[in-house]
Every structure is written in C-alpha cells, then in structure tokens.
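Peer 1:
Residue numbers (the working numbering): 304 to 406.
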C-alpha cells in the first residue's frame, strides 16, 4: 500500500500516517496545495539548499547494508550495475534500461 514514490511513503509512515490509499492521496493533495500556495517562496530557495536536501534524502533512504552484498556479486553483474547507474545519472532512466538490457 501507500504511495508509489518511496520518499513520500517513508515520510507518510514515519510521520504517523497510515499505509492506506487515503493517507497517500491526502498527502499528495496537501503537498500540491503547499507547492501551489508557496510557489513564490519556493522560487527563492537556492539550488545548493535543494541539493543538500536531496543528498539527505538519499542518505536516509539508501540501504547501506546492501554494499556488503556487492563483494558476493559476480564481477560482470557488478559492472552492469555500475553501467546502469552511470547512464541513469548521465542521461535518463530509459537509456539506462536499454544499456542494462543490452549489456
């Protein structure tokens, strides 16, 4: 259950919200209202601050214990993982899917 976006689901559950569709929909509605009503203020936020927020979200949602598994992954699979990650950051997810499928 919950929202299709991982970050919103985590925030919803950790803030005491439920895992139902109603909680996901209400969060989406309030988020949209907040963005629309605060658009002029949000436009003044520096890109560096937004980057910091994104890095904190990545740090809190990343499964750090999964790095230990990389030692057990075959080298070719690890190379494909690195390739797909690189193409995702450099281009976009669609091209990364193609690169991973071809590799």
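Where is the CB? At the ideal position from N, CA and C, for every residue including glycine. A quick note: this is a predicted structure, and the numbers were derived from the prediction, not measured.
On the criterion of 16 or more Cβ atoms from any shown chain inside 10 Å, does residue 387 qualify as buried, or is it exposed?
Peer 2: Position 84 of the chain shown, counted from the start, is the residue given in the question as residue 387. It is buried - the Cβ of residue 387 has at least 16 other Cβ atoms within 10 Å.
Peer 1: Does the beta-carbon of residue 326 have 16 or more other beta-carbons within 10 angstroms, so that it is buried, or is it exposed?
Peer 2: Taking the chain shown and counting its residues from 1, one reaches residue 326 at position 23. Classification of residue 326: buried, given that the 10 Å Cβ count is 16 or more.
Peer 1: Do residue 338 and residue 345 have their C-beta atoms closer together than 8 Å?
Peer 2: Residue numbering aside, residue 338 sits at position 35 when the chain shown is read from its first letter. Residue numbering aside, residue 345 sits at position 42 when the chain shown is read from its first letter. Yes, Cβ-Cβ distance for residue 338 and residue 345 is below 8 Å.
Peer 1: Please list, in chain order, all residues of the same chain as residue 384 whose beta carbon is under 7 Å from its beta carbon, the five residues on each side excluded.
Peer 2: Position 81 of the chain shown, counted from the start, is the residue given in the question as residue 384. Cβ within range, chain order: n/a, list empty.
Peer 1: So what does DSSP say about residue 377, is it helix, strand or coil?
Peer 2: The count along the chain shown starts at 1 and reaches residue 377 at position 74. Looking at residue 377 - three-state DSSP - the assignment turns out to be coil, as it is neither helix nor strand.
Peer 1: Considering only their Cβ atoms, is the gap separating residue 390 from residue 399 smaller than 8 Å?
Peer 2: Taking the chain shown and counting its residues from 1, the one referred to as residue 399 is at position 96. Taking the chain shown and counting its residues from 1, the one referred to as residue 390 is at position 87. Cβ distance < 8 Å, so residue 399 and residue 390 count as in contact.
Peer 1: Could you tell me the distance, in whole angstroms, from the CA atom of residue 402 to the CA atom of residue 373?
Peer 2: Locating residue 402 in the chain shown gives position 99, where the first residue counts as 1. Locating residue 373 in the chain shown gives position 70, where the first residue counts as 1. Whole-angstrom Cα-Cα distance: 20 Å.
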